[in-house]
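Since the structure comes first, as structure tokens, the remarks are kept for the end.
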Amino acid sequence: DAGVIQSPRHEVTEMGQEVTLRCKPISGHNSLFWYRQTMMRGLELLIYFNNNVPIDDSGMPEDRFSAKMPNASFSTLKIQPSEPRDSAVYFCASSPGQGTNEQYFGPGTRLTVT
Amino acid sequence: AQSVTQPDIHITVSEGASLELRCNYSYGATPYLFWYVQSPGQGLQLLLKYFSGDTLVQGIKGFEAEFKRSQSSFNLRKPSVHWSDAAEYFCAAGRMGGYNKLIFGAGTRLAVHP
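One line per chain: the protein sequences are A and B, in this order. Residue 13 in this note's numbering sits at position 13 of the first sequence, with consecutive numbering throughout. Residue 120 in this note's numbering sits at position 6 of the second sequence, with consecutive numbering throughout.
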């Protein structure tokens with residue numbers, strides 16, 4: 001299995017621009033999670049989906065952030081407009097469900113907003 | 115409130131020495147417990163997990179962890195540390211029926227001296 005795939009691996013953009021991060025979960029997994037990691041705040045859960053439905057988006061910092069999961073094999077996290085404080089590493093993780101809970105992480109996208 | 119605490123932010127050990135990383139949890143019931151490792155610039159990798167049964171669980175890379183209900187702890191151990199074990203380690207907890215959501219500790223950064 002290829003594992004969780006994220007793209008791009010690195011993104012550098014200017015303040016005010018729209019940023020879209022992409023994630024392909026492991027085939028057959030029914031839960032998907034978006035996290036943000038920074039030195040100051042550590043690992044933060046932004047939003048998670050179960051069977052493509054958003055379950056809890058209380059971790060999304062602002063309305064500038066949005067996430068979608070149009071099908072079981074693809075999810076996006078969008079930031080519009082981006083700000084320098086959004087600079088972080090964004091991880092996507094998926095979980096097989098059936099109560100097993102373990103999550104499998106992608107390699108992350110390092111976002112730099114200048 | 116549910117929480118996972120890793121009391122040690124940084125730990126330094128000499129190569130070949132034994133290692134124990136602490137993790138305490140606060141949950142309404144016995145949770146599922148996990149340890150993840152994150153090498154620099156990488157995503158989180160699952161080291162081991164505890165669901166039920168034998169309280170001593172074995173993981174990858176020679177790591178093991180022991181669940182102690184009376185102490186609400188799930189400490190990670192390794193008898194002899196290698197320089198390649200230098201990384202950040204995260205303890206996490208979840209529960210059955212929780213949409214596979216995990217609560218992560220703040221992490222312990224391990225440095226290994228030659």
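Ideal Cβ positions, reconstructed from N, Cα and C, are used throughout, including at glycine. Every value quoted in this text rests on a predicted model; they were computed, and no experiment measured them.
Do the CB positions of residue i and residue j come within less than 7 Å of each other?
| i | j | result |
| --- | --- | --- |
| S31 (chain A) | S95 (chain A) | yes |
| V118 (chain B) | A225 (chain B) | no |
| M60 (chain A) | L46 (chain A) | yes |
| E129 (chain B) | N189 (chain B) | no |
| V151 (chain B) | A201 (chain B) | yes |
| Q103 (chain A) | A93 (chain A) | yes |
| R209 (chain B) | P145 (chain B) | yes |
| V19 (chain A) | S82 (chain A) | yes |
| I55 (chain A) | Y141 (chain B) | no |
| R21 (chain A) | L77 (chain A) | Here residue 21 (chain A) turns out to be Leu, not Arg, going by the sequence shown. Yes, these two residues count as a Cβ contact at 7 Å. |
| L158 (chain B) | F105 (chain A) | yes |
Can you pull the chain A residues whose beta carbon is under 9 Å from the beta carbon of residue i, in chain order?
| i | result |
| --- | --- |
| A220 (chain B) | G42 and L43 |
| G167 (chain B) | Residues of chain A passing the Cβ test: none, with the nearest at roughly 14 Å. |
| L160 (chain B) | E102, Q103, Y104 and F105 |
How would you call residue i, buried or exposed, if buried means at least 16 neighbouring beta carbons within 10 angstroms?
| i | result |
| --- | --- |
| K215 (chain B) | buried |
| R36 (chain A) | buried |
| T112 (chain A) | exposed |
| D168 (chain B) | exposed |
| R183 (chain B) | exposed |
| W197 (chain B) | exposed |
| D63 (chain A) | exposed |
| Q185 (chain B) | exposed |
| R2 (chain A) | Checking the displayed sequence, the identity of residue 2 (chain A) turns out to be Ala instead of Arg. Result: exposed. |
| A67 (chain A) | buried |
| L162 (chain B) | buried |
| A131 (chain B) | exposed |
| S75 (chain A) | buried |
| V12 (chain A) | exposed |
| G16 (chain A) | exposed |
| P193 (chain B) | exposed |
| V195 (chain B) | buried |
| P8 (chain A) | exposed |
If distances are taken between C-alpha atoms only, which option among the options comes closest to residue i?
| i | options | result |
| --- | --- | --- |
| F65 (chain A) | A:I79, A:Y104 and A:P54 | A:I79 |
| D122 (chain B) | B:F204, B:Q172 and B:Y213 | B:F204 |
| H227 (chain B) | B:Y141, B:L170, B:Y146 and B:I125 | B:I125 |
| A72 (chain A) | A:G3, A:H29 and A:R9 | A:H29 |
| F181 (chain B) | B:S166, B:S194 and B:I174 | B:S166 |
| A143 (chain B) | B:R136, B:W149, B:Q116 and B:A131 | B:Q116 |
| E14 (chain A) | A:G106, A:G97, A:R85 and A:E44 | A:R85 |
| I5 (chain A) | B:Q172, B:V171 and B:Q156 | B:Q156 |
| R191 (chain B) | B:S140, B:Y139 and B:W149 | B:W149 |
| Y139 (chain B) | B:P193, B:S194, B:D199 and B:S187 | B:S187 |
| S153 (chain B) | B:F218, B:I217 and B:D199 | B:D199 |
| N50 (chain A) | A:P8, A:H10, A:R41 and A:W34 | A:W34 |
| N101 (chain A) | B:V127, B:Q120, B:L147 and B:R136 | B:L147 |
Anything in chain B within Cβ reach of residue i, meaning under 9 Å, just list it in chain order.
| i | result |
| --- | --- |
| I55 (chain A) | Y213 and K215 |
| P107 (chain A) | G155, Q156 and G157 |
| I27 (chain A) | Note on residue identity: the sequence assigns Ser, not Ile, to residue 27 (chain A). By Cβ distance, chain B contributes nothing, its closest Cβ being about 16 Å from S27 (chain A), past 9 Å. |
Give the interface partners of residue i over in chain A, defined as CB-CB distance under 8 Å, in chain order.
| i | result |
| --- | --- |
| G176 (chain B) | None at all; the shortest Cβ gap to chain A is about 20 Å. |
Consider the Cβ of residue i: report whether some Cβ of chain D lies at a distance smaller than 7 Å.
| i | result |
| --- | --- |
| L224 (chain B) | The chain labelled as chain D is not found among the protein chains of the depicted structure, namely A and B. |
Would you mind telling me which residues of chain A sit closer than 7 Å to residue i, beta carbon to beta carbon, in chain order?
| i | result |
| --- | --- |
| K163 (chain B) | E102 |
| I208 (chain B) | For the sequence presented, residue 208 (chain B) should be read as Gly rather than Ile. In chain order: N101. |
Listing by chain order, which chain B residues have their CB less than 7 Å from the CB of residue i?
| i | result |
| --- | --- |
| S31 (chain A) | Y213 and N214 |
Exercise for the section: Could you run through the stretch 129–154 of chain B and flag, in chain order, every residue whose CB is less than 9 Å away from some CB of chain A? Expected result: Within the stretch 129–154 of chain B, the qualifying residues are P145, Y146, F148, Y150 and Q152.
Problem - Positions along the stretch 84–103 of chain A whose CB lies within less than 7 Å of some CB in chain B - result: Of all residues in the stretch 84–103 of chain A, only F91, S95, G97, G99, N101, E102 and Q103 place a beta-carbon less than 7 Å from a beta-carbon of chain B.
Exercise for the section: Output, in sequence order along the chain, the residues in the stretch 49–78 of chain A whose CB is closer than 8 Å to any CB in chain B. Expected result: Residues of the stretch 49–78 of chain A with a C-beta atom less than 8 Å from some C-beta of chain B are N50, I55 and D56, listed in chain order.
Exercise for the section: Mind checking the stretch 183–199 of chain B against chain A and listing, in chain order, the residues whose C-beta falls within less than 7 Å of any C-beta there? Expected result: Listed in chain order, the positions of the stretch 183–199 of chain B with a beta carbon within less than 7 Å of a beta carbon of chain A would be empty, since no residue qualifies.
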